[in-house]
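S.K.: Respectively, the protein sequence lines represent chains A and B.
Everything in the first sequence is counted per our numbering, starting at 1 for the first residue and increasing by one.
Everything in the second sequence is counted per our numbering, starting at 1001 for the first residue and increasing by one.
The structure that follows is given in the form of structure tokens.
Number of protein chains: 2
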Amino acid sequence: MFIGAQVSLYPMSSRFVDVITSSLQALDPHRPDLRIETDDISTLMVGAPGPLLDGIRDLFTAAARQPEHVTMHVTLSRGCPGEPDDPSCRCDTLSEAQSLPLDERIRRAGQAVAASPGTGVPIDVQFSLYVLGQDRHMDEIYGCIEFLKRSGTFFRSKNFCTRLRGDAGAVFEAVRQAFLRFGPAEGHVTIDLTASANSPSLA
Amino acid sequence: MFIGAQVSLYPMSSRFVDVITSSLQALDPHRPDLRIETDDISTLMVGAPGPLLDGIRDLFTAAARQPEHVTMHVTLSRGCPGEPDDPSCRCDTLSEAQSLPLDERIRRAGQAVAASPGTGVPIDVQFSLYVLGQDRHMDEIYGCIEFLKRSGTFFRSKNFCTRLRGDAGAVFEAVRQAFLRFGPAEGHVTIDLTASANSPSLA
């Protein structure tokens, strides 16, 4: 299994380098558990979904605590057949998810969101879950949307994606649950996610 | 068939509203052919791949002609089973693609990139093509990567995505060809794309 993300932070500010550099400090506690590589477009993070999503959440929360409008784009991927197996990406939630019916996965995903720690930082997210390489991929996607609607973070449906709104702790836990509990455990699943905070045109 | 995109423009500048507003004028010639709806996170564009990708290219090129570092995120989708059929999204290239073997599709995609008009604006792009709801989805993805490597816009492979570099005209034509000629004509295909220009940390 290979699990990771390409992450880009976009502060809508002329001091964007400062905002990015200072926010990156929030990744420090997670660095021992993640492989991190940066180029001029994005930062690759590889690791288990625990530190991976915690790191992404903490990075964006740190940026959103600054006054500027900031957005983040994340491409999450697990099980891509083109990537090498990586023992650091082992994840018990994934194996467990495979053995459970959809209803039970929806229930456990909701419990995880309810138990997530708050950050005090309100954010908006929109994302798409893609289940590749199997028939009936929409069943898993519709199951995931059902979970999101009950999760307390659902804001509305849009073409091609779902919008979440709430505390960054609950919202990123909802994303992690969507990523882990829907689509086969050994399958190829990706997420295309945009996060936004401090927008001057908040709907 | 329903074809469209969620598009977000991110100028890394405190005058980001001005950059976005002025760049949006580049969409004007394409507005009669597209359905366009904006909220605080992204702009939905629905229409055939001709005006759709031309509009996205012209929007980003207009922003990249300004001095600020600017990025754009695009979620492209065609054939999503959850979306309604829309006659305005009709596309002959798609129907033609279905009847041709992979080698011939790679050849025609390359011809289209070679024939694309230049803009004089150099850009970087990274993107992932997702073919959903069928077995052997990686064959189409590997075929697409083979096309990209021969397209004159290939820069390098990364985890989860491929980087392109070159004139905005050729790069967005390569993206359009990837979107149209790989994956089944009636299938569910998506692209997760990030574009970047004027980056101070250009690799």
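Glycine included, C-beta positions come from ideal geometry on N, C-alpha and C.
So, with DSSP's three-state summary, where would you put G975 of chain B?
M.R.: There is no way to answer for residue 975 of chain B, as the model of chain B reaches only from 1001 to 1203.
S.K.: With a cut-off of 8 Å, does the C-beta of L1044 of chain B fall near any C-beta of chain A?
M.R.: Taking Cβ atoms only, chain A reaches closer than 8 Å to L1044 of chain B, which makes this a yes.
S.K.: Taking only beta-carbon positions, decide if L102 of chain A is within less than 8 Å of chain B.
M.R.: It does not; no Cβ of chain B falls within 8 Å.
S.K.: Is there a Cβ of chain B sitting closer than 8 Å to that of N159 of chain A, yes or no?
M.R.: True, the Cβ-Cβ gap to chain B drops below 8 Å.
S.K.: If you follow the beta strand (DSSP E) that T21 of chain A is in, where does it begin and where does it stop?
M.R.: T21 of chain A -> not in any beta strand (DSSP E); alpha helix (DSSP H) instead, spanning 16–24.
S.K.: Which ranges does the beta strand (DSSP E) cover as unbroken runs of at least 3 residues, wholly within the region 1143–1195 of chain B, from first to last along the chain?
M.R.: For the region 1143–1195 of chain B, whole beta strand (DSSP E) runs of length 3 or above, ordered along the chain, are 1154–1158, 1161–1167.
S.K.: With 16 as the cutoff for other CB atoms within 10 Å, does L100 of chain A come out buried or exposed?
M.R.: L100 of chain A comes out exposed.
S.K.: Nearest CA to the CA of A1168 of chain B: which residue from B:D1124, B:L1129, B:L1193, B:L1076?
M.R.: The shortest Cα separation from A1168 of chain B among B:D1124, B:L1129, B:L1193, B:L1076 belongs to B:D1124.
S.K.: Less than 8 Å between the C-beta atoms of V1121 of chain B and R1065 of chain B, yes or no?
M.R.: Against a cut-off of 8 Å, the Cβ pair of R1065 of chain B and V1121 of chain B comes out as a contact.
S.K.: In chain B, which residues lie with their C-beta within 7 Å of the C-beta of P11 of chain A?
M.R.: Going along chain B in sequence order, the residues near P11 of chain A (Cβ under 7 Å) are M1012.
S.K.: For H137 of chain A and chain B, any beta-carbon pair shorter than 8 Å?
M.R.: Judged by the 8 Å Cβ criterion, H137 of chain A is in contact with chain B.
S.K.: Who does M970 of chain B pair with in a DSSP beta bridge?
M.R.: Nothing in the structure corresponds to residue 970 of chain B, since chain B is present only between 1001 and 1203.
S.K.: In chain C, what lies closer than 8 Å to G1055 of chain B by C-beta?
M.R.: No chain C appears in the structure shown, which is made up of the protein chains A and B.
S.K.: In or out: T1021 of chain B buried (at least 16 other Cβ within 10 Å) or exposed?
M.R.: Result: exposed.
S.K.: Between the region 1065–1083 of chain B and the region 1009–1017 of chain B, can you find at least three pairs of beta-carbon atoms closer than 8 Å?
M.R.: The region 1009–1017 of chain B, when compared against the region 1065–1083 of chain B, does touch it at the 8 Å Cβ threshold.
S.K.: Going straight from the alpha carbon of A114 of chain A to that of M72 of chain A, what length do you get?
M.R.: The alpha-carbon atoms of A114 of chain A and M72 of chain A are separated by roughly 24 Å.
S.K.: Please list, in chain order, all residues of the same chain as G1152 of chain B whose beta carbon is under 6 Å from its beta carbon, the five residues on each side excluded.
M.R.: Hits under 6 Å: none found.
S.K.: Flag this pair as touching only if the region 166–186 of chain A and the region 104–114 of chain A have three or more C-beta atom pairs under 8 Å; answer yes or no.
M.R.: They touch, by the three-pair rule.
S.K.: Given the structure, does F1155 of chain B come close to the ligand ADP, in the sense that its CB is under 7 Å from one of the ligand's heavy atoms?
M.R.: The ligand ADP is not part of this structure, which contains no ligands at all.
S.K.: Any beta carbon from chain A within less than 8 Å of P1081 of chain B's own beta carbon?
M.R.: Yes, P1081 of chain B counts as interfacial toward chain A.
S.K.: Can you pull the DSSP bridge partners for E1037 of chain B?
M.R.: Answer is B:L1044.
S.K.: Where does G1004 of chain B fall in DSSP's three states?
M.R.: G1004 of chain B: strand per DSSP, three-state reduction.
S.K.: The region 1170–1192 of chain B: which residues have C-beta closer than 7 Å to a C-beta of chain A, in chain order?
M.R.: Under the 7 Å Cβ criterion, the region 1170–1192 of chain B contributes T1190, D1192.
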